[in-house]
Amino acid sequence: MYLKLILEENDLDALIEFVRDDPSRIEEFAYLLNDRFSEEVVDLYKIHIRTKANNSSKRTDYRGVCEILKRYRKIAGKDKQKDMVNELKINYKNKPAFIDELSKII
Numbered sequence: 053m054y055l056k057l058i059l060e061e062n063d064l065d066a067l068i069e070f071v072r073d074d075p076s077r078i079e080e081f082a083y084l085l086n087d088r089f090s091e092e093v094v095d096l097y098k099i100h101i102r103t104k105a106n107n108s109s110k111r112t113d114y115r116g117v118c119e120i121l122k123r124y125r126k127i128a129g130k131d132k133q134k135d136m137v138n139e140l141k142i143n144y145k146n147k148p149a150f151i152d153e154l155s156k157i158i
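Here the sequence shown is numbered in the working numbering, starting from 53 and rising by one per residue.
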């Protein structure tokens, strides 16, 4: 109900607060928030990606993270996507299936 009201009122300040509290929702609202909060949208996307990666344990999960990274590129750009991929490759160097999936997106 609260979210519906925020969206109806187009209250971007309340919406960014909502997403700060639950970064997993950034993908739903990045397009609304990006013009006004572009830097924070990128940061929230990074939190979301790191959380998803941390909770991934099989190839289908890794593919899901890679799909998020593809959408992240549209918001953050190729260079920031590449930086994020490199960070994940370092942090998950002991997960060859994840490294393999990450290698497919750049």
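Just so it is clear, CB atoms sit at the ideal spot from N, CA and C, and this is done for glycine as well.
Beta-carbon proximity of residue i to residue j, cut-off 8 Å
i, j, result
"Tyr54", "Ala105", "no"
"Glu79", "Arg123", "yes"
"Val93", "Ile142", "no"
"Lys98", "Met136", "yes"
"His100", "Ile68", "no"
C-alpha distance - residue i paired with residue j, whole-angstrom precision
i, j, result
"Ile58", "Tyr83", "15 Å"
"Pro148", "Asp74", "30 Å"
"Leu85", "Ser76", "14 Å"
"Leu154", "Ser108", "13 Å"
"Lys130", "Phe70", "27 Å"
"Phe150", "Arg72", "27 Å"
"Ile158", "Arg125", "10 Å"
"Ser90", "Leu64", "12 Å"
"Asp113", "Asp87", "30 Å"
"Asn62", "Lys56", "10 Å"
"Asp95", "Lys132", "11 Å"
"Arg102", "Glu60", "31 Å"
Helix, strand or coil at residue i according to DSSP, with G and I counted as helix
i, result
"Ser109", "coil"
"Asn86", "helix"
"Tyr144", "coil"
"Met136", "helix"
"Lys130", "helix"
Short CB-CB distance (under 8 Å) between residue i and chain C
i, result
"Arg115", "Absent here is chain C; the protein component of the structure consists of one chain."
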